[in-house]
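Q: Below: one structure in structure tokens.
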Amino acid sequence: MENLHQNTSLSDDQTKQDDARLRGPNLKARQARRAKVERKKISTDENDSKQRRSDTAHETSTTAADTKDHVFSYQEIKDAVECVICLGIPRNPVYQCDNGHILCHLCHSKVDVCPLCRVILRNTRVLAVERVLAKCPRPCEFDIFGCKINLTANEFESHERYCDYRPCRCPQFWCKKLIPIIELISHIESDHGNTFHKRKYSPSFRRELFNDVKDVMNMSRQPFYPPLLLEFDGYYFISECFRADSGNWYTWFYMAGSSEECRKYIFTIKLIHANNIEELSYTGYCTSLYDEKDKSNTLARALKFDDGIVNHFCCDNSHVAYAYQIRRSPVSECTIMDE
Ligand SMILES: [Zn+2]
Ligand SMILES: [Zn+2]
Ligand SMILES: [Zn+2]
Ligand SMILES: [Zn+2]
2 MENLHQNTSL
12 SDDQTKQDDA
22 RLRGPNLKAR
32 QARRAKVERK
42 KISTDENDSK
52 QRRSDTAHET
62 STTAADTKDH
72 VFSYQEIKDA
82 VECVICLGIP
92 RNPVYQCDNG
102 HILCHLCHSK
112 VDVCPLCRVI
122 LRNTRVLAVE
132 RVLAKCPRPC
142 EFDIFGCKIN
152 LTANEFESHE
162 RYCDYRPCRC
172 PQFWCKKLIP
182 IIELISHIES
192 DHGNTFHKRK
202 YSPSFRRELF
212 NDVKDVMNMS
222 RQPFYPPLLL
232 EFDGYYFISE
242 CFRADSGNWY
252 TWFYMAGSSE
262 ECRKYIFTIK
272 LIHANNIEEL
282 SYTGYCTSLY
292 DEKDKSNTLA
302 RALKFDDGIV
312 NHFCCDNSHV
322 AYAYQIRRSP
332 VSECTIMDE
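Residue numbers for the sequence shown follow my numbering, so the first one is 2 and each next one is one higher.
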């Protein structure tokens, strides 16, 4: 929520409209939105250059000496205002020490003295630099992952939250790779031997099987079932299941979204007994693929059961039936309506 409020600067109305649309985004909508941002930027550039032409014409008529506009390059602006610690182009708010050395807000929050002149830092903002940076188009933060979009400060926050190149963690439990979201499916297919099972989203419970459970319990290595991959509301959801050496089983859902986005969806996974009466279920939020993968945190948000339960729910001496459902969180819908 805090992020939404930080957004309320010049493009307040636009951001609200965008957020309203993005509450139920799909991939096509995201692409259309990105195209719109690009179109807007082109038209802004055209307007800027028209304005520049008319300014130039006006200046020509007043004084010949002032006719030469100097358009600063991104590199020149970067050199002039880069943070003395991380050497990056700062994002607003921008701070300075008493001697004028510039620090981005991230570095400013980590140090007490200016690293160049050692004076004690206060919370002195550099509003002139902030105003320049707000107008200066800069590459998306995820340019190293392939995003080619340049945006001004007012545009990038909403873009980067939904940028197709924002990197997420590979859902395969042991894979440590960071993958741009747009390449997630091709990475899964190329690096994980097409072991993921794609499923169509269904609003009601969908039934699946954990097969060969007796063999799995007799194996010495940690077996994983092929993860299920489905798309809902423009997000990918991926289920995982594995049995630890301890004889404990865990099954849960990852979501390719931020932790805040994960709060907007709920999953339920339940084991179903052959008698169709007994069930064992867990309902909760998905684990974000954008956060650092933390095994204990992930397993705390999983349906946990043990070999004894598997034996009890096992059908035909071979499989355990289970079902899952993903739905929008009623809590998040209330929060959205309150805004
Ligand atoms: Zn910095
Ligand atoms: Zn200083
Ligand atoms: Zn981007
Ligand atoms: Zn991977």
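Even glycine gets a Cβ: it sits at the ideal position worked out from N, Cα and C.
Would you report the Cα separation of K271 and E280, rounded to the nearest angstrom?
A: 6 Å
Q: Please go through the same chain and pick out, in chain order, the residues whose beta-carbon is closer than 8 Å to the beta-carbon of C315, but skip the five residues on each side of it.
A: For C315, where only same-chain residues beyond five positions count, the Cβ hits under 8 Å are V214, K215, V321.
Q: Going by the beta-carbon positions, is the gap between V120 and C87 smaller than 9 Å?
A: no
Q: Could you give the distance in angstroms between the alpha-carbon of S289 and the alpha-carbon of D80?
A: Going from the Cα of S289 to the Cα of D80 covers about 36 Å.
Q: Given 8 Å as the limit, tell me if P91 has its C-beta closer than that to any heavy atom belonging to ligand 5.
A: Absent from the structure shown: ligand 5. Ligands present: ligand 1, ligand 2, ligand 3 and ligand 4.
Q: Exposed or buried, which one is K265 when buried takes at least 16 other CB atoms within 10 Å?
A: K265 is buried by the Cβ-count criterion.
Q: Does DSSP put V72 in a helix, in a strand, or in coil?
A: coil
Q: For the putative contact between F143 and P181, defined by C-beta atoms under 8 Å, what is the C-beta separation to the nearest angstrom?
A: 7 Å
Q: Spatial neighbours of H59 within its chain, please: C-beta separation below 6 Å, excluding the five flanking residues on both sides.
A: Only weak support exists for where H59 lies, its pLDDT of 43 falling under 50; the coordinates are left without a value.
Q: With a CB to CB cut of under 7 Å and the five nearest residues on each side skipped, what residues in its chain are close to V114?
A: V120, I121, L122
Q: Under DSSP, the beta strand (DSSP E) around D292 begins and ends at which residues?
A: Taken as a continuous stretch (DSSP letters only), D292 belongs to no beta strand (DSSP E), as it is neither H nor E.
Q: Taking the straight line between their C-alpha atoms, what separation do you get for L104 and V217?
A: Approximately 55 Å between the Cα atoms of the pair.
Q: Looking at the secondary structure, which residues open and close the alpha helix (DSSP H) in which E184 lies?
A: Where E184 is concerned, there is no enclosing alpha helix (DSSP H), given that its DSSP letter is neither H nor E.
Q: Nearest by alpha-carbon distance to P138: which of E158, A301, F211 is it?
A: E158
Q: Can you grab the Cα-Cα spacing for the pair H193 / L179, in whole Å?
A: 14 Å
Q: Are Y166 and G147 touching if we call contact CB-CB under 9 Å?
A: yes
Q: State yes or no: is the C-beta of L360 nearer than 8 Å to some heavy atom of ligand 1?
A: Nothing can be reported for residue 360, as the shown portion of the chain is limited to 2 through 340.
Q: Can you list, in chain order, every residue whose CB sits closer than 5 Å to a heavy atom of ligand 2?
A: C98, N100, H102, C115, L117, C118
Q: Looking only at its chain, what residues have a beta carbon closer than 6 Å to the beta carbon of A30, apart from the 5 residues adjacent to it on each side?
A: Any reading at A30 is ruled out, since the residue's pLDDT is 46, under 50, leaving its predicted position unreliable.
Q: May I have the straight-line CA-CA distance separating I278 from L185, to the nearest angstrom?
A: So the alpha carbons of these two residues sit roughly 38 Å apart.
Q: Can you check whether the CB of T196 is closer than 9 Å to the CB of P172?
A: no
Q: DSSP three-state label for R244, please.
A: strand
Q: So does H193 have its beta carbon nearer than 8 Å to some heavy atom of ligand 4?
A: yes
Q: Excluding the 5 residues flanking N100 on each side, which residues of the same chain have their C-beta closer than 8 Å to its C-beta?
A: Excluding sequence neighbours, N100 sits near C115, L117, C118, V120.
Q: Please classify A303 as buried or exposed, where buried requires at least 16 neighbouring CB atoms within 10 angstroms.
A: Buried, because 16 or more other Cβ atoms sit within 10 Å of the Cβ of A303.
Q: Give me the Cα-Cα distance between Y226 and C242, rounded to the nearest whole angstrom.
A: 6 Å
Q: When burial is assigned at 16 or more other CB atoms within 10 Å of the CB, is H160 buried or exposed?
A: buried
Q: What residue from F268, I267, S282 has the CA that sits closest to H274's CA?
A: Checking every option, the nearest Cα to that of H274 belongs to S282.
Q: Ignore the nearest five residues each way along the sequence and tell me which others in H106's own chain have a CB closer than 6 Å to its CB.
A: P94
Q: Does the distance from the C-beta atom of Q326 to that of T252 stay below 9 Å?
A: Not a contact, by the Cβ cut-off of 9 Å.
Q: Under the criterion of a Cβ to heavy atom distance below 8 Å, does I239 qualify as lining ligand 3?
A: no
Q: With the cut-off set at 9 Å, would you say I267 and R328 are in Cβ contact?
A: yes
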